[in-house]
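Each residue of the sequence shown is one higher than the one before, counting from 187 in our numbering. Where is the CB? At the ideal position from N, CA and C, for every residue including glycine. None of the values given here were measured: they were computed from a predicted structure. Please read the structure below before turning to the comments.
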Amino acid sequence: MAIKATDLFKLVSLSYPSATDDGYFVQENRISEADNTYYQRICFVNHRGGTIAYGFDQKHDRHPLLSPDQQWLAFLSQASDKTTQVFLQAVNGGTAKQFSAEKEGVSYFDWQADSQALFIQTTVGAKPKKTDKQWPQPVTVSRVPYKLNGVGLLPEHVAYELRVQRLRQKTSRLVMGREHEFEVGAISPDGQTLAFTAERLPDDPNDFSQATYLLNLADQQVTMVNDQLPQAALSPEAFSADGKQLLLVGSDNHLPNVSQSHLWHYDLATKTLQDVADDIDFDIPGHVNGDFQQDLSEKVADFATADYYLTIGFDHGKTSLYAGGPDEQLTPLIGGRRHVTDYALTPDHHGVVFTESTMTVPSRLSYFDLATEEEHVIYDPNRRVTRDMGLVTPQTFNFQRDGFEIEGWYFPPQQATASHPAILYVHGGPAVGYGYTFFHEMQFLAAQGYGVICPNPRGGLGYGEAFTAAVIKHYGQGDYEDCMASVDEALKLDTTIDPDRLYVAGGSYGGFMTNWIVTHTHRFKAAVTQRSIANWLSMYGTSDIGYFFTPWELEGKWTGDLSDVKSLWDFSPLAHIDFAQTPTLVMHSENDQRCPIGQGEEFYIGLKLHGVDTKFMRFPNATHELSRSGLPNLRLARLAALVDWFKTHSATEESHQA
187 MAIKATDLFK LVSLSYPSAT DDGYFVQENR ISEADNTYYQ RICFVNHRGG TIAYGFDQKH
247 DRHPLLSPDQ QWLAFLSQAS DKTTQVFLQA VNGGTAKQFS AEKEGVSYFD WQADSQALFI
307 QTTVGAKPKK TDKQWPQPVT VSRVPYKLNG VGLLPEHVAY ELRVQRLRQK TSRLVMGREH
367 EFEVGAISPD GQTLAFTAER LPDDPNDFSQ ATYLLNLADQ QVTMVNDQLP QAALSPEAFS
427 ADGKQLLLVG SDNHLPNVSQ SHLWHYDLAT KTLQDVADDI DFDIPGHVNG DFQQDLSEKV
487 ADFATADYYL TIGFDHGKTS LYAGGPDEQL TPLIGGRRHV TDYALTPDHH GVVFTESTMT
547 VPSRLSYFDL ATEEEHVIYD PNRRVTRDMG LVTPQTFNFQ RDGFEIEGWY FPPQQATASH
607 PAILYVHGGP AVGYGYTFFH EMQFLAAQGY GVICPNPRGG LGYGEAFTAA VIKHYGQGDY
667 EDCMASVDEA LKLDTTIDPD RLYVAGGSYG GFMTNWIVTH THRFKAAVTQ RSIANWLSMY
727 GTSDIGYFFT PWELEGKWTG DLSDVKSLWD FSPLAHIDFA QTPTLVMHSE NDQRCPIGQG
787 EEFYIGLKLH GVDTKFMRFP NATHELSRSG LPNLRLARLA ALVDWFKTHS ATEESHQA
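Structure below.
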C-alpha cells in the first residue's frame, strides 16, 4: 500500500509540548478534507500514552502554556466574534472559558511569575475597515516595506500594545505602547523585567538591525541590550532562574543574509554580551526544508541551570538539541538523524519533553532524561497509519566540489523496477537545507515510481558560513554545477535510473534554479517551476523582500538599486530564454508577495513565444507557502498536476542531452 496525496488528511503533526507531574500537554495539528482547512487541538497525554482532549472547540485551540504553579492552562482560540483570544482551563479539568476580550484579538501572551495574571500583546487600528464593494476606496501606503507575503498590505498608523490582565479581572490595563511592532521574548522570574525585540531603526528601510530591549516594569525604563553591536539582529529567548542572565539568538550581521545566527549570553549585572557559539560553524536554529510540520512554537534556547543551557541547531541535515555552558562548547544532546521540532524542559528541569520527526516518522512526542541521557517515545499519533504506507528511507550521498562537501538525499522508488525515471528537486531559500525530516511530497513522488534527488547545493545551511556565502554574486554558477553533479551521483547510486527520463522541479530559489537549468541545458525531459524568480529587474520592486534581497544575493551589499541593469539581467533566467527547449509547467500562486506572480507570467510568456511546450497553472487564494500550508485542495491539485506533467512527457519523446 503506497502513500497517497490524500494521506495528508490522516497524518498529525505535534507542537508546543509541555510537562506536568502527571503527564504532558501537546498541540495536535490536523488538516480537514471536509472543511478544506487546518485545525488545532490540545491533548493531555498521560505517562501510559493515553490522551484526553483539552481546549475550547478542538479546532482552533493552539499555543498551550501552563501557569508557573501548574494549575492553569492558557491557550489561544477563536472567540464568537472570530477574533483570537486567550482562553483558560484548569489543569485538573473543567470547562475552558474565554479570558481576554481585546477588540482586535491577541497575538502573544505569557504568564506573570505569580500565576495570577497574563501579559497580552495586541494591535490597535490594524483591523481593516469594512468597505462597500460598489464604492471601493483607494489605499495609500507610505512605508517600506509596505507588504508581506501571507499578509498583504501592512497596516499603517496603528498602535502596538502590551497589556496585563489579572485572573479575577475582565479587562486588561496597558503596560507598554509603541508606534512600531515589537515582540516579547522573555519575562524574568520575578516578573519585574520584560525582554522584547524590535527593529532598531524602524523608519529606515535600509537598516536591518534588530535590538533586544529590557523593560523595567517598576519605572518603565527601557534599555538596549546590544548597544555595543548596533548592527546586530538579536531576539531574547530566556532568563536564568535568578534573573541575572539572558539568552538571545541572532546574528551580528557582518555579512548580508549570510552571517550565521548564533546563541548569545547577556549578563545583566555587568552588561556584557557574548557570542557563546563563536567556536562552532553551524546555524542556530537553522531551517530544514519540509512540507509537513505545522505551527511550531519556534522556541530556540533555554536555561537548564544557571550555567547550562539548551539550544536548537542545524548541522549536516540534522536539527538537534544542543547543550553547553560558559566554559563548555555546544554539543548535541538530543541528536542523530532527525528533526527536533519543538521542546520544553520539565518543571523540575530534570528532563526534556520534545516533538520530533524523521524521514519516515511524521511527528511524535518523546522524553529525554537529562541525568541518564535515556529517552523514550511517549505518543506517536501516526504509527498505525504510516506502517502501511511503505515509506522509503532515503540514501545519503556526499561528494567534494571546489573545496566544498556537497550532501544530498536520494529517495528510491517505493517499488523497485529495472528502469525508472528520477526527479532532481531543488530546495528554496537558498539559505535552508534538506535534512532528516518527514517530507510528504518526496514520499508521494517515490510512491508514484520516481527516484527523487534532493541535493544541498552551495548557498544553503548546514555546512558552514563559507558554504552559505559561496552563492552570493554567483547565482547559477557553482550552485548549478552542484545540482548537475548531484544527478551524476544519484545515477551512480542507483543504476536503475533511466538517464533518458530525468526531470527537474523546484520552488522559490529552487524555481529560479529550475528556470536556470532549462535555459542552460537540455538534459531534462520536462520541468516544473514553482513560485520562481525569472527576472531580477522586476523582482527588485515588486517582491515584499525584493529591494533588499536582490542586492544581498546578487551583489553582496546591504543596499542597492537598478543601476547595474546588465548584471541583474544576466542573472535572470529570462535573459537566456532563447536556449530553452525543455517542456516546462509554470506554477504560481496569485497572492504570492515573495516571488510575485509576474515572475511566472514573464517566464511563461517567454517560453511560449520561443515555441517551448508549456502551460501556466495559477492558484487563486494562495501565497508563497502553497506547498506547505496552502488550502488543502490546492495542495492536492498541485501534486496531481506535477505528476501528470512528468507522465505526459515520458519516454515517448526523444531526450535531448546537453
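Among E651, A608, A239, whose alpha-carbon lies nearest the alpha-carbon of S447?
E651
Using the Cβ count rule (16 or more neighbours within 10 Å means buried), how would you classify N335?
buried
Could you give the uninterrupted runs of the alpha helix (DSSP H) lying entirely in the segment 379-467, keeping only those of 4 residues or more?
none
DSSP three-state label for K659, please.
coil
Starting from T281, follow the beta strand (DSSP E) in both directions and report where the run begins and ends.
T281 -> no beta strand (DSSP E), and no H or E assigned at all.
Name the two residues that bound the continuous alpha helix (DSSP H) containing G816.
Unbroken run through G816: none, as it is neither H nor E.
Can you list, in chain order, the residues of its chain whose CB lies under 6 Å from that of A216, leaving out five sequence neighbours each side?
For clarity, residue 216 is Arg in the given sequence; the question names Ala instead. Correct list, in chain order: V198, Y225.
Proximity winner among G742, E385, K196, E347, relative to T308 (alpha-carbon distances):
E347
To the nearest angstrom, report how far apart A265 and Q284 are at their CA atoms.
7 Å
With DSSP run on the structure shown, which of helix, strand or coil describes A652?
helix
Neighbour-count burial assignment, T838, 16 or more Cβ in a 10 Å radius
Caution applies to T838, whose pLDDT of 46 falls short of 50 and renders its modelled position unreliable; the value that the coordinates give is listed next. T838 should be labelled exposed.
Return the bridge partner residues of E561 from the DSSP annotation.
F554
Excluding the five sequence neighbours on either side, which residues of its own chain have a C-beta within less than 8 Å of the C-beta of T192, listed in chain order?
E219, L822
Using the beta-carbon count (16 or more within 10 Å), is A492 buried or exposed?
exposed
Taking its Cβ as the centre, do 16 or more other Cβ atoms sit within 10 Å of E840, making it buried, or is it exposed?
Its pLDDT being 41, under 50, E840 is placed unreliably by the model, and the measurement read from it follows with that caveat. Flag for E840 reads exposed.
Euclidean distance between Cα positions of G797 and T768
10 Å
For E591 and Y695, the rounded distance between their alpha carbons:
20 Å
Rounded to whole angstroms, what's the CA-CA distance from D465 to L449? Just pull it up for me.
11 Å
Backbone secondary structure at I306 - three-state DSSP:
strand
By the three-class DSSP mapping on this structure, what secondary structure does R234 have?
coil
How close, in whole Å, do the beta carbons of T737 and G727 come, if the pair is a contact with beta carbons under 8 Å?
The sequence as given places Pro at residue 737; Thr does not occur at that position. Actually they are not in contact, since the Cβ atoms of P737 and G727 sit about 12 Å apart, beyond 8 Å.
Burial state of P548 (16 or more Cβ within 10 Å)
buried
Quick check on the DSSP output: the alpha helix (DSSP H) that includes G849 runs from which residue to which?
Since the first and last residues shown for the chain are 187 and 844, residue 849 lies out of range.
So, for L828: in the same chain, excluding its five sequence neighbours on each side, which residues have a beta-carbon less than 6 Å away from its beta-carbon?
V714
Nearest CA to the CA of S718: which residue from F710, R709, S729, D799?
S729
Under a Cβ-count criterion, where at least 16 other Cβ atoms within 10 Å of its own Cβ denotes burial, should W258 be classed as buried or exposed?
buried
Where DSSP assigns a beta bridge to S199, which residues make up the other side?
N215
Can you round the beta-carbon distance between F425 and S483 to whole angstroms, since I take them to be within the 8 Å contact cut?
Contact doesn't hold; Cβ gap of about 17 Å is too wide.
Check each candidate in G742, I520, N777, G503 and name the one with the smallest Cα separation from V538.
I520
Helix, strand or coil at V602 according to DSSP, with G and I counted as helix:
The residue asked about is misnamed: residue 602 is Ala in this sequence, not Val. Residue state, collapsed to three classes: coil.
Pairing CB atoms from the segment 553-562 with CB atoms from the segment 528-536, are three or more of them under 8 Å?
yes
In whole angstroms, what is the alpha-carbon distance linking L194 and N568?
11 Å
Please report the distance separating the alpha-carbon of D243 from that of R227.
8 Å
Which parts of the segment 607-655 are runs of the alpha helix (DSSP H), unbroken and 4 residues or longer, counting only runs that do not cross its ends?
626-633, 651-655
Cβ neighbour criterion (16 or more within 10 Å) applied to L353
exposed
Assuming F211 contacts S201 (C-beta within less than 8 Å), just tell me the rounded distance between them.
Actually they do not touch by this definition, with Cβ atoms about 11 Å apart.
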